[in-house]
Amino acid sequence: TIFYASRVSDWQKLEQIPVAEWLEKLSGKRTFQKIWLPLLRCKLGECWRQTSAAFIWATIARMYAARRTGLKKEMFGYVRGGYATVMEQFTNTLQQAGVEIRCNAAVRAIDSVDGGRVSVLLADESPVFDRVVSTLPTPSIPRMCHEMPEREKELFDGIQYHGIVCAS
Numbered sequence: 041t042i043f044y045a046s047r048v049s050d051w052q053k054l055e056q057i058p059v060a061e062w063l064e065k066l067s068g069k070r071t072f073q074k075i076w077l078p079l080l081r082c083k084l085g086e087c088w089r090q091t092s093a094a095f096i097w098a099t100i101a102r103m104y105a106a107r108r109t110g111l112k113k114e115m116f117g118y119v120r121g122g123y124a125t126v127m128e129q130f131t132n133t134l135q136q137a138g139v140e141i142r143c144n145a146a147v148r149a150i151d152s153v154d155g156g157r158v159s160v161l162l163a164d165e166s167p168v169f170d171r172v173v174s175t176l177p178t179p180s181i182p183r184m185c186h187e188m189p190e191r192e193k194e195l196f197d198g199i200q201y202h203g204i205v206c207a208s
């Protein structure tokens, strides 16, 4: 299964194939039930049922890309201190470039103002920025962005949000 998946070049066709159907065809029903299904459930919960074969193809392709061509040696790694180290460096770099970062600010609304700038309504102020990077949960975005076109709001509303758990 993994070897076959690593040789697939037209992943777009996999978008139309359910992951279970594709993995059962390649691995057999027993292997799917014993190996693939528990992995899919751990990663995706019950959403594995709506997942296309492109998901598992992308996972396998990423694993193969982590190997050196000649040596076939794993090239994964980790950062000491985990995401906290990465975010600290990211924050420092942005602040040195003059970027204002606000954390733990209760955002009530995000609206555009004259000149393409962005106003962020907080509890006690409404600062205006050139750009805003939102880390809001996806379902909150259409409710916060009052001027967002209806079609765009519909697209956001169509995204099934699962939250995130990061144990680093």
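Quick note: the sequence shown uses my numbering, first residue 41, plus one each step. Quick reminder that beta carbons are idealized off the backbone N, C-alpha and C, glycines included.
For residue j and residue i, the rounded distance between their alpha carbons
{"i": "Glu140", "j": "Ser174", "result": "13 Å"}
{"i": "Pro167", "j": "Thr125", "result": "28 Å"}
{"i": "Glu165", "j": "His202", "result": "31 Å"}
{"i": "Met103", "j": "Lys74", "result": "21 Å"}
{"i": "Trp88", "j": "Pro177", "result": "21 Å"}
{"i": "Arg148", "j": "Ser180", "result": "10 Å"}
{"i": "Ala93", "j": "Leu54", "result": "5 Å"}
{"i": "Ser208", "j": "Gly121", "result": "For Ser208, the predicted model reports a pLDDT of 48, less than 50, meaning its position is unreliable and no value from the coordinates is stated."}
{"i": "Leu84", "j": "Asn132", "result": "34 Å"}
{"i": "Phe130", "j": "Lys65", "result": "44 Å"}
{"i": "Glu128", "j": "Lys69", "result": "46 Å"}
{"i": "Gly117", "j": "Phe169", "result": "36 Å"}
{"i": "Asn144", "j": "Ser49", "result": "43 Å"}
{"i": "Gln136", "j": "Glu86", "result": "43 Å"}
Residues bridged to residue i [DSSP beta-bridge criterion]
{"i": "Ala149", "result": "Leu161"}
{"i": "Phe169", "result": "Val158"}
{"i": "Pro58", "result": "Ser92"}
Residue i burial status per 10 Å Cβ neighbour count (16 or more: buried)
{"i": "Cys82", "result": "exposed"}
{"i": "Leu195", "result": "exposed"}
{"i": "Phe43", "result": "exposed"}
{"i": "Ala60", "result": "buried"}
{"i": "Val119", "result": "exposed"}
{"i": "Phe95", "result": "buried"}
{"i": "Val160", "result": "buried"}
{"i": "Ile150", "result": "buried"}
{"i": "Ala45", "result": "buried"}
Inter-residue CB distance, residue i and residue j (contact presumed, cutoff 8 Å)
{"i": "Thr41", "j": "Ser67", "result": "5 Å"}
{"i": "Phe72", "j": "Leu63", "result": "5 Å"}
Completely contained alpha helix (DSSP H) runs for the stretch 58-84, where each covers 4 or more residues:
With a minimum length of 4 residues, the continuous alpha helix (DSSP H) runs that stay inside the stretch 58-84 are 59-67 and 77-84.
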